[in-house]
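Heads up: the structure comes next, in structure tokens.
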Amino acid sequence: MRSLSFIAYGPNVGAVLDLPVNVSDQIERPGRKPLRIEGRGEAVFQALRELEGDSVLVELFRPELRLQGVVEQVAVPVDG
């Protein structure tokens, strides 16, 4: 599991959205056998790394929320 750190600037409000993203090679689907695609996790991680410093729009469905901001950091969590 890796994470995406996102800074959102609203009208008079600054917020940091720390969003965990599963970038494994395994895809799990309800009612189906897990599917493994070699290299998928690394490809997703590199695509996220390319977003660092870019302006993005994040839409969450539950709760319904739209945030626009800059991707500050894409990182691997540190186990402690």
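Those letters in the sequence shown? Residues 34 to 113, by this note's numbering. Ideal Cβ placement from N, Cα and C applies to all residues, glycine included. Treat the numbers as computed from the prediction; the structure is a model and nothing was measured.
> Where do the ends of the alpha helix (DSSP H) carrying Val77 lie?
Replying inline: Start at 1 with the first residue of the sequence shown, and residue 77 comes out as number 44. Its alpha helix (DSSP H) spans residues 73-82.
>> DSSP has Arg99 in a bridge; who is on the other side?
In response: In the sequence shown, residue 99 corresponds to position 66, counting from 1. BP columns for Arg99 point to Glu92.
> How would you call Val109, buried or exposed, if buried means at least 16 neighbouring beta carbons within 10 angstroms?
Replying inline: The residue labelled residue 109 in the question sits at position 76 within the sequence shown. Residue burial is scored here from C-beta neighbours: Val109 has fewer than 16 other C-beta atoms within 10 angstroms and is therefore classed as exposed.
> In angstroms, rounded to a whole number, what distance separates the CA positions of Glu61 and Gly86?
Replying inline: Reading the sequence shown from its first residue, position 28 is the one you call residue 61. Reading the sequence shown from its first residue, position 53 is the one you call residue 86. In a straight line, the C-alpha of Glu61 is about 30 Å away from that of Gly86.
> Buried or exposed: where does Val56 fall if 16 or more other Cβ atoms within 10 Å of its Cβ makes it buried?
Replying inline: Numbered from 1 along the sequence shown, position 23 holds the residue referred to as residue 56. Burial state of Val56 is buried, judged by a 10 Å Cβ sphere holding 16 or more other Cβ atoms.
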